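Note sheet for the following structure.
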Amino acid sequence: IRFVMYHILIAAPRHDDRVSIGAKTLSGLGYKGHVFWDTELFILPPLTLTQPQLARNLLMYRYHNLPGARHKAQANGYEGAMFPWESTDTGEETTPQWSDPQPDGSRIRIWTGDSEQHISTDIAYAVLQYWHWTGDDAFLTQHGAEIVLDTAVFWGSRVEAKNGRYEISQQIGPDEYHENIDNSVFTDRMVVWHLQQALGLLDWLRTHATEAADRLTRDLKLTPERLALWRDIMERMFIPFDAEQQIHVQFPG
1345 IRFVMYHILI
1355 AAPRHDDRVS
1365 IGAKTLSGLG
1375 YKGHVFWDTE
1385 LFILPPLTLT
1395 QPQLARNLLM
1405 YRYHNLPGAR
1415 HKAQANGYEG
1425 AMFPWESTDT
1435 GEETTPQWSD
1445 PQPDGSRIRI
1455 WTGDSEQHIS
1465 TDIAYAVLQY
1475 WHWTGDDAFL
1485 TQHGAEIVLD
1495 TAVFWGSRVE
1505 AKNGRYEISQ
1515 QIGPDEYHEN
1525 IDNSVFTDRM
1535 VVWHLQQALG
1545 LLDWLRTHAT
1555 EAADRLTRDL
1565 KLTPERLALW
1575 RDIMERMFIP
1585 FDAEQQIHVQ
1595 FPG
């Protein structure tokens, strides 16, 4: 535990909230120091519990890079904020589309920047976890809520209405060995959770931070129609389930 905490602490930005921790911390050059969901789901929790100011710095890195996430959503034909799979100082997507040449000269297509989209919910999860554990209402109202709500806007534009339900095609879930599958159970279920949390957060803001609620409702265009769509998605999202085995399967097939 001490060894792990050492690596987290030496890599955590103490005096700068515009940088974050790369997937390999400072222990190697792999991934070129780029920031992935590893930071929010694996590195942030121990910092939230022991060094909340450092955890706040890491979340502020995502807040400052909302413009890059919005640009990625727009470039892909969606609304809201769609965080990049690999993030650097600008918040733009930096995942390469092709690998370095293999021994035979061929290149491998890298799909994670296109299809591994659950990162937007992973970041929202981290924001809410930090808030619940620290009670930092100022961070939530000034910064965190905007992340949670605008990534919810993204999902509202990303889901696909099919066969009387909502689905999400061309996904890569946490198991990156299965690429471009339809209806990742992790992603689909987390989208439902995300929209539930976004609606609950908006209600909280309307009660405890009316100015922030009004600002975000206006700036993010959180119209009654959009909120009604979120509720409909929550009710009719397809969650893969194998009736014969009585288990939720990773994805159909």
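So that you can map any letter, position 52 of the sequence shown is 1396 in our numbering, and since no number is skipped, the others follow by simple counting. Even for Gly, the Cβ is constructed at its ideal location relative to N, Cα and C. Quantities reported herein were computed from a predicted structural model and do not represent experimental measurements.
Which residues share a DSSP beta bridge with residue i?
{"i": "residue 1515", "result": "1525"}
{"i": "residue 1506", "result": "1509"}
{"i": "residue 1453", "result": "1442"}
{"i": "residue 1431", "result": "1379"}
{"i": "residue 1404", "result": "Its beta-bridge partners do not exist; DSSP assigns none."}
{"i": "residue 1581", "result": "1510"}
{"i": "residue 1586", "result": "1591"}
Return the CA-CA distance between residue i and residue j, expressed in angstroms with no decimal places.
{"i": "residue 1490", "j": "residue 1560", "result": "7 Å"}
{"i": "residue 1372", "j": "residue 1419", "result": "32 Å"}
{"i": "residue 1424", "j": "residue 1414", "result": "6 Å"}
{"i": "residue 1551", "j": "residue 1411", "result": "28 Å"}
{"i": "residue 1438", "j": "residue 1458", "result": "11 Å"}
{"i": "residue 1429", "j": "residue 1386", "result": "16 Å"}
{"i": "residue 1383", "j": "residue 1579", "result": "31 Å"}
{"i": "residue 1540", "j": "residue 1486", "result": "21 Å"}
{"i": "residue 1518", "j": "residue 1547", "result": "31 Å"}
{"i": "residue 1461", "j": "residue 1531", "result": "8 Å"}
{"i": "residue 1506", "j": "residue 1527", "result": "12 Å"}
{"i": "residue 1565", "j": "residue 1558", "result": "10 Å"}
{"i": "residue 1585", "j": "residue 1361", "result": "41 Å"}
{"i": "residue 1355", "j": "residue 1555", "result": "36 Å"}
{"i": "residue 1394", "j": "residue 1493", "result": "27 Å"}
Among the residues of its own chain, which have a CB less than 7 Å from the CB of residue i, if the five just before and after it don't count?
{"i": "residue 1392", "result": "1399, 1473, 1474, 1477, 1478"}
{"i": "residue 1368", "result": "1374, 1375"}
Please name the residue, chosen from the options, that lies closest to residue i on a Cα-to-Cα basis.
{"i": "residue 1455", "options": "1467, 1441, 1468", "result": "1441"}
{"i": "residue 1358", "options": "1396, 1377, 1438", "result": "1396"}
{"i": "residue 1543", "options": "1502, 1468, 1362", "result": "1468"}
{"i": "residue 1509", "options": "1577, 1585, 1426", "result": "1577"}
{"i": "residue 1407", "options": "1389, 1436, 1394, 1390", "result": "1436"}
Would you say the beta carbon of residue i is closer than 7 Å to some non-hydrogen atom of the ligand GTP?
{"i": "residue 1498", "result": "Of ligands this structure carries none, so the ligand GTP is not represented either."}
Within the same chain, show all residues whose beta-carbon is closer than 6 Å to that of residue i, passing over the 5 residues directly before and after it, in chain order.
{"i": "residue 1535", "result": "1499"}
{"i": "residue 1563", "result": "none"}
{"i": "residue 1470", "result": "1384, 1388"}
{"i": "residue 1511", "result": "1504, 1527, 1582"}
{"i": "residue 1514", "result": "1459, 1524"}
{"i": "residue 1502", "result": "1422"}
Return the chain-ordered list of same chain residues with a C-beta closer than 8 Å to the C-beta of residue i, the five sequence neighbours on each side being excluded.
{"i": "residue 1481", "result": "1475, 1552, 1553"}
Next item on the list: Evaluate the contact criterion for the region 1494 to 1502 versus the region 1446 to 1455: three or more CB pairs, one atom per stretch, below 8 Å.
Entry: no
Margin query: Could you check whether the region 1555 to 1572 touches the region 1582 to 1591, counting it as contact only if at least three pairs of C-beta atoms, one from each stretch, sit closer than 8 Å?
Written below: no
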